[in-house]
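Colleague: So my numbering is basically just the index in the sequence shown, starting at one, shifted up by 219. Glycine included, C-beta positions come from ideal geometry on N, C-alpha and C.
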Amino acid sequence: MLQLTDQDIRASLVNVSLRERKGLTLPANFADLWWEKLDYLGWRDPKIPGIGYVIVELESGPVGILLSQAKGRMQTRPQCSWCTDVQLPNEVVFLSAKRAGPAGRNGDTIATLACANFECSANVRKLPSMAYIGFDVEAARVRRIDALGEHVRNFVKDVRDGS
Numbered sequence: 220m221l222q223l224t225d226q227d228i229r230a231s232l233v234n235v236s237l238r239e240r241k242g243l244t245l246p247a248n249f250a251d252l253w254w255e256k257l258d259y260l261g262w263r264d265p266k267i268p269g270i271g272y273v274i275v276e277l278e279s280g281p282v283g284i285l286l287s288q289a290k291g292r293m294q295t296r297p298q299c300s301w302c303t304d305v306q307l308p309n310e311v312v313f314l315s316a317k318r319a320g321p322a323g324r325n326g327d328t329i330a331t332l333a334c335a336n337f338e339c340s341a342n343v344r345k346l347p348s349m350a351y352i353g354f355d356v357e358a359a360r361v362r363r364i365d366a367l368g369e370h371v372r373n374f375v376k377d378v379r380d381g382s
């Protein structure tokens with residue numbers, strides 16, 4: 220992921236109001252992010268419980284969205300639909316985002332299951348377990364990294380396009 224500034228982040232958000240854009244709190248470790256190891260930038264707002272942000276590079280540049288965590292607890296342990304890690308060391312939550320534009324203003328939303336604190340980039344970089352003799356774990360890791368990027372980009376495009 221390309222390194223972003225505070226202004227880049229605020230300008231990238233497509234499904235927020237002006238008040239939400241101004242009220243955004245950057246991640247605590249923003250100055251120390253390891254951008255080349257991120258497939259997307261995702262963080263929880265430390266001032267507003269249940270709110271998170273995701274920014275991804277698309278062909279048109281960075282596009283960001285605001286997500287809201289659903290209240291309540293899952294009855295079973297779900298799998299993150301972005302990193303699809305079956306050995307998750309973290310919690311997965313149900314997140315929704317209002318669509319951009321007129322659809323979002325009319326209350327249209329889209330939802331997904333994702334790692335609670337957006338740990339997906341770290342999860343897909345771990346070497347997977349050996350599935351069988353001769354299994355190429357490095358190739359499997361590269362496929363997981365590529366798939367994560369595709370899953371997040373597709374979700375953000377769905378929010379942005381409002382369809």
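(1) Give the straight-line distance between the Cα atoms of N325 and T224, rounded to the nearest whole angstrom.
(2) In this structure, what does DSSP give as the bridge partners for S287?
(3) Please determine, among I270, A319, I284 and E338, the residue with the shortest C-alpha to C-alpha distance to S300.
(4) Nearest-angstrom Cα distance between E255 and P246?
(5) For L285, I'd like the list of residues in its chain whose CB is within less than 7 Å of its CB, leaving aside the five on either flank, ordered along the chain.
(6) Taking the beta strand (DSSP E) that C299 falls in, what are its first and last residues?
(7) When DSSP builds the beta bridges, which residues end up paired with P281?
(8) Of all the options Y351, N342, D377 and V375, which has the alpha carbon lying nearest to the alpha carbon of R360?
(9) Do T244 and D227 have their beta-carbon atoms positioned less than 8 Å apart in this structure?
(10) If you compare alpha carbons, which of A289, I274, K290 and G291 is closest to G283?
(11) Less than 8 Å between the beta carbons of R372 and L277, yes or no?
(12) Got a sec, what are the start and stop residues for the alpha helix (DSSP H) L237 sits in?
(13) Bridge partners for G261 per DSSP, in chain order?
(14) Pick out whichever of I364, L252 and C302 has its Cα sitting closest to the Cα of C334.
(15) Per DSSP, what kind of secondary structure is A217 in: helix, strand or coil?
Modeller: By the coordinates alone:
(1) 31 Å
(2) For S287, DSSP records a beta bridge to I270 and S315.
(3) When each option's Cα is compared against that of S300, the closest is E338.
(4) 17 Å
(5) L232, N234, V235, E239, I270, Y272 and A316
(6) Looking at the DSSP string, C299 is not in any beta strand (DSSP E), and its letter there is neither H nor E.
(7) E276
(8) N342
(9) no
(10) I274
(11) yes
(12) L237 to G242
(13) G261 pairs with V273.
(14) Residue C302 is the option with its Cα nearest to C334.
(15) Only positions 220 to 382 of the chain appear in this structure, which leaves residue 217 out of reach.
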